[in-house]
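Visitor: Numbering (our numbering), first residue to last: 6 to 147. All C-beta atoms in this analysis are idealised placements derived from N, C-alpha and C, irrespective of residue type, glycine included. Every value quoted in this text rests on a predicted model; they were computed, and no experiment measured them. First, the structure itself, so that you have it in front of you.
Here it is as C-alpha cells:
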C-alpha cells in the first residue's frame, strides 16, 4: 500500500480543545445563537489564532449557517467588539448607486445632467433648483 503524496496545505486538526475559561467568557457574553454558531465556525477555521487565515465571504457563510448575509456581518461585528476575532478586508467591491439622468439641450448644444437624489444642486446652470431644460429648449419643473 502506498502513502498519498504530501499536501502543501496543512490539514486542519480533526479536533481542538477550547479552554474552559474561554467557554465561560463566551457564555458570559450572552451571544445569540447565530453569533455563537459563527464563533464556532470561525474557531474551527482558526483554532490557534497564530496567523491570519482566509475565510469564505459572508455570503458563503450565510448560506452555510442558513441566515441572511447582513446577519453574518452584524454577528462578525459583535465578535470583533467582544475581541473574539479580528477581521481584515483585503478586497473591496463598489458600485455607484447614483442614477445619472442625462438629456441633450439643443439650445445649449450640450448634454446636461439632471439632479439625482444625492445631488445638492442642478448641473445645468438653472437658477431654479427645480427647473430643468430638456432637448428642444422645453423646461420641466420638478
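Take residue 96 and list the residues in its own chain whose beta-carbon comes closer than 8 angstroms to its own, dropping the five residues that flank it on each side.
Guide: Position 91 of the chain shown holds residue 96. Excluding sequence neighbours, residue 96 sits near nothing in its chain.
Visitor: What do you get for residue 65, buried or exposed, if any count of 16 or more other CB atoms within 10 angstroms of its CB means buried?
Guide: As a first step, residue 65 is located in the chain shown; it is residue number 60 there, counting from the start. Exposed, by the Cβ-count rule.
Visitor: Decide if the region 78–93 is in contact with the region 31–46; the criterion is three or more beta carbon pairs, one per stretch, under 8 angstroms apart.
Guide: Yes, the region 78–93 is in contact with the region 31–46.
Visitor: Compute the Euclidean distance between the alpha carbons of residue 21 and residue 32, then round it to the nearest angstrom.
Guide: The residue you call residue 21 lines up with position 16 of the chain shown. The residue you call residue 32 lines up with position 27 of the chain shown. Residue 21 and residue 32: Cα-Cα distance of roughly 18 angstroms.
Visitor: Using the three-state DSSP reduction, which class does residue 147 fall into: helix, strand or coil?
Guide: Taking the first residue of the chain shown as 1, we reach residue 147 at position 142. Because the pLDDT of residue 147 is 49, which lies under 50, any placement of that residue in the model is unreliable, and the number read from its coordinates should be weighed accordingly. Three-state result, residue 147: coil.
Visitor: Once the 5 residues before and after residue 51 are set aside, which same chain residues still bring their CB inside 6 angstroms of it?
Guide: Here residue 51 refers to the residue found at position 46 of the chain shown. 58, listed in sequence order.
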